[in-house]
Amino acid sequence: QKEVEQNSGPLSVPEGAIASLNCTYSDRGSQSFFWYRQYSGKSPELIMFIYSNGDKEDGRFTAQLNKASQYVSLLIRDSQPSDSATYLCAVNYSGNTGKLIFGQGTTLQVKP
Amino acid sequence: GAGVSQSPRYKVAKRGQDVALRCDPISGHVSLFWYQQALGQGPEFLTYFQNEAQLDKSGLPSDRFFAERPEGSVSTLKIQRTQQEDSAVYLCASSSGRNEKLFFGSGTQLSVL
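Heads up: the protein sequence lines correspond to chains A and B, in order. Here the numbering used here is used: the first residue of the first sequence is 55, the next is one more, and so on. Here the numbering used here is used: the first residue of the second sequence is 857, the next is one more, and so on.
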């Protein structure tokens with residue numbers, strides 16, 4: 055059974071610090087990897103996607119992928135209280151579709 | 857429309873009642889997905905449409921769940937004879953079909969009493 059694992063947290067960091075969120079996945083055939091942010095009571099919002107090994111940066115966000123270790127992470131630099139949310143890691147196993155396997159999410163708390 | 861629209865936003869059903877949840881995707885999006893999100897969990901895939909064709913329904917938990925998209929736009933997820941374990945948020949998402957970037961609606965929170 056294909057699985058995506060995340061620590062549920064909460065992960066608490068002070069404002070201005072780097073938040074590091076981690077995710078592991080079970081299937082080496084995984085093709086694409088996504089990070090969604092979900093505020094309480096709201097729908098998931100795509101913030102990053104990565105397809106190739108290495109780092110991908112977008113503003114304060116950096117996604118890191120290591121396929122050999124089956125590991126994907128999200129770094130948030132200069133964390134702000136508005137970053138407080140649940141971050142969902144999602145993996146696509148089946149090609150160019152939106153059929154994703156989500157982790158349970160990590161709750162991030164950024165304290166002023 | 858500007859985004860994916862779902863209705864109703866909240867639905868309370870008595871056990872055994874049938875419910876219908878509506879999704880209006882972003883205009884022009886050919887791909888439509890339904891996900892189920894239990895409290896404290898990540899979304900779980902239910903079913904996928906490309907235009908009017910239901911290409912994957914492997915995530916539907918039982919034959920009480922049925923989805924349709926007859927004209928390739930609006931979709932309805934129907935749950936027959938609801939059970940308490942059906943209580944969850946039902947999320948609809950659409951994409952242009954050329955990639956997996958999903959745009960989610962606000963969801964329907966279903967509570968079965």
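Here a beta-carbon is modelled for each residue, glycine too, at the ideal position from N, C-alpha and C.
| Check | Outcome |
| --- | --- |
| Minimum C-alpha distance to G95(A) - residue among L969(B), Q940(B) and L947(B) | L947(B) |
| First and last residue of the uninterrupted beta strand (DSSP E) at P68(A) | L65 to P68 |
| The beta strand (DSSP E) enclosing V860(B), as first and last residue numbers | Unbroken run through V860(B): none, as it is neither H nor E. |
| Pairwise C-alpha distance: T116(A) and A71(A) | 14 Å |
| Boundaries of the beta strand (DSSP E) in which S86(A) is found, first to last residue | S86 to Q92 |
| DSSP beta-bridge partners of Y125(A) | T78(A) and N120(A) |
| C-beta contact flag for Q60(A) and G157(A) at 8 Å | yes |
| Beta-carbon spacing of A876(B), K934(B) below 8 Å | yes |
| Positions along the segment 895-908 of chain B whose CB lies within less than 9 Å of some CB in chain A | G896, Q897, G898, P899, E900, F901, Y904 and Q906 |
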